[in-house]
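Heads up, the sequence shown is in the numbering used here, so the first residue is 74 and it goes up one at a time.
Written below as structure tokens is the structure these notes are about.
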Amino acid sequence: MSIEYAELLLSRAKRYLESAMSNLVSNRFDVAIVEAEIATQLALKAFIVKLGFEPPRTHMIRQLLSFIIDNKLLPDEVLEDIKKFIKRNREKLIIVERARIVGQYGASSIDYDEAEITVNSAKEVLNIVEKLWKMVV
């Protein structure tokens, strides 16, 4: 996998997040949460590709973060920060992970609060990925 592919995935992630934010403002909450989940997933997979690995075939955000930790792909202090982030944001990450299924197939409607949590959590993960991206040459 190439750096070009990693950059393509990150670019897509940013576009999905931008669209999710727009859909949140437009009260299209189901679409917003699906796009936020996709953005989060693509950003993490882009970073894993940049590190020279094939990302796991999963949509689970915590599993993608754990892949980075378990394979010790970054310095120990950075891995500790990621562990703390996961622990501190566990509930929000679960909401993001469920977003795709709920937004596409869920029988109930999505409210603003759930959509806002999902989109803001996606923003936070993308910000982390962008900071980590700059650390890796």
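We put the beta carbon where it would ideally sit given N, CA and C, even for glycine.
From L205, V192, K207 and K204, residue whose alpha carbon lies closest to that of T113:
V192
Can you say whether Y178 is buried or exposed, counting buried as having 16 or more other CB atoms within 10 angstroms of its CB?
Counting Cβ neighbours within 10 Å, Y178 comes out exposed, since fewer than 16 surround it.
Within the same chain, show all residues whose beta-carbon is closer than 8 Å to that of D184, passing over the 5 residues directly before and after it, in chain order.
F102
When we look at the beta-carbon of E110 and count the other beta-carbons within 10 Å, is it buried (16 or more) or exposed?
Label assigned to E110: buried.
Going by DSSP in three states, M133 sits in which element: helix, strand or coil?
coil
Does the distance from the CB of I106 to the CB of L146 come in under 9 Å?
no
Whether or not the region 130-141 and the region 163-179 are in contact is what I'm after, with contact meaning three or more pairs of Cβ atoms, one per stretch, closer than 8 Å; do they touch?
yes
Out of K204, R161, V210 and A195, which has the shortest C-alpha to C-alpha gap to M94?
A195
At the level of alpha carbons, what is the spacing between R88 and E150?
30 Å
Using 9 Å as the threshold, is the C-beta distance between N144 and F126 below it?
yes
V98 - containing alpha helix (DSSP H), residue span
I76 to V98
By Cβ distance below 7 Å, which residues in the same chain neighbour R85 in space, the five residues on each side in sequence not counted?
L115
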